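Chains as they are written, first to last, in the working numbering: chain A, 16 to 129; chain B, 127 to 357.
As structure tokens, this is what we get:
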């Protein structure tokens with residue numbers, strides 16, 4: 016369950032940033048998670064409920080934007096969406112491509128609070 | 127803070143990696159390894175793939191060639207693997223993660239603080255057997271090796287694409303059992319290349335020694351190349 020370790024990291028970073036920014040209460044934490052990262056949105060959200068139980072983070076929500084897996088296809092000279100997302104080949108011409116342009120993100124985007 | 131700001135919703139833009147802290151420690155480790163000329167290999171796979179067996183044989187062969195190699199092994203509990211690896215004659219340390227499903231850079235850094243490895247040529251880090259959680263944690267390694275045994279089924283790479291995609295090279299283990307397990311090695315290769323196009327694949331059996339020379343030669347040439355680039 017690596018989602019728990021991830022939410023612990025998020026809670027630590029968000030708490031520091033919110034305190035430094037003079038927030039008393041965090042309402043929303045926005046994340047970007049790549050489709051190839053192997054992170055479950057559902058597990059992240061339930062882990063977040065356990066890790067965000069103090070006065071600053073309690074009751075806050077996680078908003079997760081899933082970033083699609085995209086590749087650059089040399090043959091077609093464009094960015095393509097592989098299908099299924101984990102088979103890294105161009106859906107148009109079938110050439111394999113290891114030139115991943117997105118899909119591995121584990122990003123803390125922003126914090127909303129008062 | 128003045129009173130006017132209290133109560134009005136605000137947004138703080140952070141735009142940073144969730145594992146920023148781990149990545150910073152890993153970057154420090156990587157510099158430290160490079161300065162000491164230690165080639166660091168992170169071995170990842172599911173439990174039972176044969177990481178310890180492959181590593182034991184790899185250490186034995188490297189030592190026989192006159193190289194200095196050490197190993198750090200992570201498991202949730204026991205030091206069984208460290209005991210097995212120590213039979214090779216290499217210095218070995220065990221990290222007991224107490225239930226944590228992966229090693230992180232901090233756990234490795236803590237070990238290295240009290241372990242003088244500057245004269246080692248190789249440090250192998252055998253990660254906790256896990257095909258998901260180990261994916262995101264950079265340990266500052268020079269080479270990430272993902273392993274797949276013929277007993278696991280050819281479709282493991284498709285089931286766990288994140289980890290297989292994160293690797294630099296792949297080692298297929300227990301090749302001597304391929305026929306008995308009805309494992310089609312061509313399909314295993316095809317699946318590895320589907321999730322990680324072009325990845326270099328070694329087929330090995332630590333038991334019979336098949337493919338081991340090629341694998342150990344590769345480690346030697348990769349280390350030499352890294353050192354040449356660092357100079």
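Beta carbons: idealized from backbone N, C-alpha and C, even for Gly.
Every value quoted in this text rests on a predicted model; they were computed, and no experiment measured them.
Alpha helix (DSSP H) segment containing residue i, residue limits
i, result
"residue 346 of chain B", "338-356"
"residue 42 of chain A", "Unbroken run through residue 42 of chain A is the beta strand (DSSP E), 41-49; no alpha helix (DSSP H)."
"residue 28 of chain A", "17-35"
"residue 64 of chain A", "56-66"
"residue 226 of chain B", "Per DSSP, residue 226 of chain B belongs to no alpha helix (DSSP H) and is neither H nor E."
"residue 182 of chain B", "177-190"
"residue 313 of chain B", "311-321"
"residue 237 of chain B", "231-239"
For residue i: DSSP bridge partner residues
i, result
"residue 196 of chain B", "B:249"
"residue 94 of chain A", "A:87"
"residue 166 of chain B", "B:249"
"residue 273 of chain B", "B:297"
"residue 81 of chain A", "A:48"
"residue 327 of chain B", "B:296"
"residue 201 of chain B", "B:222"
"residue 151 of chain B", "DSSP lists no partner for residue 151 of chain B."
"residue 122 of chain A", "A:47 and B:143"
"residue 115 of chain A", "A:86"
Proximity winner among the options, relative to residue i (alpha-carbon distances)
i, options, result
"residue 124 of chain A", "A:29, A:89 and A:114", "A:29"
"residue 254 of chain B", "B:282, B:354, B:192 and B:208", "B:208"
"residue 355 of chain B", "B:163, B:141, B:224 and B:259", "B:163"
"residue 205 of chain B", "B:196, B:134 and B:219", "B:219"
"residue 88 of chain A", "A:82, A:27 and A:96", "A:96"
"residue 271 of chain B", "B:280, B:251 and B:279", "B:251"
"residue 81 of chain A", "A:72, A:75, A:100 and A:92", "A:100"
"residue 159 of chain B", "B:265, B:144 and B:297", "B:265"
Own chain residues within Cβ distance below 7 Å of residue i, not counting five before or after
i, result
"residue 331 of chain B", "300, 301, 302 and 337"
"residue 194 of chain B", "245, 246 and 247"
"residue 116 of chain A", "85, 86, 87 and 94"
"residue 75 of chain A", "41, 42, 43, 44 and 67"
"residue 210 of chain B", "178 and 182"
Close beta carbons around residue i, own chain, < 6 Å, minus the five adjacent residues each side
i, result
"residue 45 of chain A", "78, 124 and 125"
"residue 142 of chain B", "none"
"residue 36 of chain A", "none"
"residue 130 of chain B", "Annotation note: pLDDT 46 at residue 130 of chain B (below 50); position unreliable, coordinate value reported separately. If we look at residue 130 of chain B and ignore the five residues flanking it on each side, it has no Cβ neighbours."
"residue 34 of chain A", "none"
Beta-carbon contacts of residue i that lie in its chain and below 8 Å, excluding the five residues immediately before and after
i, result
"residue 277 of chain B", "174, 300, 303, 307 and 309"
"residue 320 of chain B", "283 and 284"
Extent of the continuous beta strand (DSSP E) run through residue i
i, result
"residue 139 of chain B", "136-143"
Near the ligand FAD: residue i beta-carbon under 7 Å from a heavy atom
i, result
"residue 288 of chain B", "As far as ligands go, the structure on display features none, and thus does not contain the ligand FAD."
Under 8 Å (Cβ pairs) to chain B, residues found in the region 101-112 of chain A: Within the region 101-112 of chain A, the qualifying residues are 101, 102, 103, 104, 111 and 112.
Please name the residues in the region 73-92 of chain A whose beta-carbon is closer than 7 Å to at least one beta-carbon of chain B, in chain order. So nothing in the stretch comes that close.
Interfacial residues, the region 143-156 of chain B to chain A, with Cβ spacing under 9 Å: Along the region 143-156 of chain B, the positions whose C-beta sits under 9 Å from a C-beta of chain A are 143, 144, 145, 146, 147 and 148, read in chain order.
Going along the chain, which residues of the region 266-288 of chain B sit with their C-beta nearer than 8 Å to a C-beta in chain A? Residues are counted here when their Cβ sits less than 8 Å from a Cβ of chain A; for the region 266-288 of chain B these are 284, 286, 287 and 288, given in chain order.
Identify each residue in the region 117-129 of chain A for which the Cβ-Cβ distance to at least one residue of chain B is less than 9 Å, and report them in chain order. 118, 119, 120, 121, 122, 123, 124, 125, 126, 127, 128 and 129
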